[in-house]
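Okay, so here's the structure we're looking at.
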Amino acid sequence: MRWSYFTGANRSAPAVWSEDETIAVSTDRLRVLESSGAIRWSYAILLGNSAPAWGESGALYTGSIEGDGRVYALDSSGALVWSYATDGGYLDSVTPDEASGRIYAGSVLPLPYPTPAVSRLYALTTEGALVWSYQTGDTKTPYSILMGQIVADKDGYLYHGSVDGRMYALTSSGAMAWSYDTGTEMQGGAALGQDGRAYAPANDGRFYVFGHTPTPTPTVTPTQVPYNAIWFGTNI
Numbered sequence: 005m006r007w008s009y010f011t012g013a014n015r016s017a018p019a020v021w022s023e024d025e026t027i028a029v030s031t032d033r034l035r036v037l038e039s040s041g042a043i044r045w046s047y048a049i050l051l052g053n054s055a056p057a058w059g060e061s062g063a064l065y066t067g068s069i070e071g072d073g074r075v076y077a078l079d080s081s082g083a084l085v086w087s088y089a090t091d092g093g094y095l096d097s098v099t100p101d102e103a104s105g106r107i108y109a110g111s112v113l114p115l116p117y118p119t120p121a122v123s124r125l126y127a128l129t130t131e132g133a134l135v136w137s138y139q140t141g142d143t144k145t146p147y148s149i150l151m152g153q154i155v156a157d158k159d160g161y162l163y164h165g166s167v168d169g170r171m172y173a174l175t176s177s178g179a180m181a182w183s184y185d186t187g188t189e190m191q192g193g194a195a196l197g198q199d200g201r202a203y204a205p206a207n208d209g210r211f212y213v214f215g216h217t218p219t220p221t222p223t224v225t226p227t228q229v230p231y232n233a234i235w236f237g238t239n240i
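In the working numbering, each residue's number is its place in the sequence shown (first place is 1) plus 4.
Next up, the structure:
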């Protein structure tokens, strides 16, 4: 072991900046560590933050886990560049796609009990202005909550799994392209492969592969091609 750093509470996976291996860690504060383990800076976000994500410019993006429901953008020195207030009280993920000039965030809308929770996907500019938002489900569809990582392919399609068991695909303009019902909760988010397909796990123990059309290929073993591999874990 090279080093360890006591955070007190780890909320999500860290994000590593490829340029200098700087590490962003989500705890009670957003902390950025040097590759040596020394702290570079920290930033306090109300009641903690969701998984951080680096943009290609070196900006760092995250969201409030609960409380103010904001998306935050910070520069490489830890200074706040902008924040955007969503309608949600819980932001599960923030995904920067600076090449297209967009930042995507998924939030859970704070509806009064016992109204089922629903989610909204936001597309923001890199300056923090709203481009569009899309609500998944409604008050008649229980627990249509977006979970995990949002991914965007080179054609601008966005993929996101949901607790309602559906994989959602939206166009770059925020229109629904399709949704696919797996019949079980999808809580692990999605990842994009070099082949342009979206890969996502579901609670039925299967691993789903999606293209631009909703024709998934479920498998219980990882697909592998030369020099590339898909890594995933289960609780089995």
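Every residue, glycine too, gets a C-beta built ideally from N, C-alpha and C.
Under the three-state DSSP convention, the category residue i falls into
i	result
S8	coil
S54	coil
A206	coil
A103	helix
A89	strand
D157	coil
S61	coil
D72	coil
D24	coil
P146	Residue placement at P146 cannot be trusted, given a pLDDT of 49 that sits under 50; the coordinates are not used to answer.
Extent of the continuous beta strand (DSSP E) to which residue i belongs
i	result
G110	106-112
I43	43-47
S80	Segment: none, S80 is in no beta strand (DSSP E) and carries neither H nor E.
S123	123-129
L67	It should be pointed out that residue 67 corresponds to Gly in this sequence rather than to Leu. Taken as a continuous stretch (DSSP letters only), the beta strand (DSSP E) holding G67 covers 64-67.
Y19	In the sequence on display, residue 19 carries Ala and not Tyr. A19 -> beta strand (DSSP E) spans 19-21.
DSSP beta-bridge partners of residue i
i	result
T31	T31 pairs with nothing; no bridge assigned.
S137	Y126
S39	DSSP output for S39 lists no bridge partner at all.
C-beta neighbour in chain B for residue i, strict 8 Å
i	result
R33	Structure shown: chain B not included; a single protein chain is present.
Touch test, the segment 57-76 against the segment 170-177, Cβ-Cβ under 8 Å, three pairs minimum:
no
Output the residue ranges of the alpha helix (DSSP H) runs that lie fully inside the segment 161-217 and measure 4 residues or longer, sorted by chain position.
List check, alpha helix (DSSP H) in window: nothing returned.
Touching or not, the segment 34-48 and the segment 120-140, by the rule of three or more beta carbon pairs under 8 Å?
With a cut-off of 8 Å, the segment 120-140 and the segment 34-48 do not count as touching, because too few Cβ pairs lie within range.
With three or more beta-carbon pairs closer than 8 Å as the criterion, would you say the segment 129-137 touches the segment 152-164?
no
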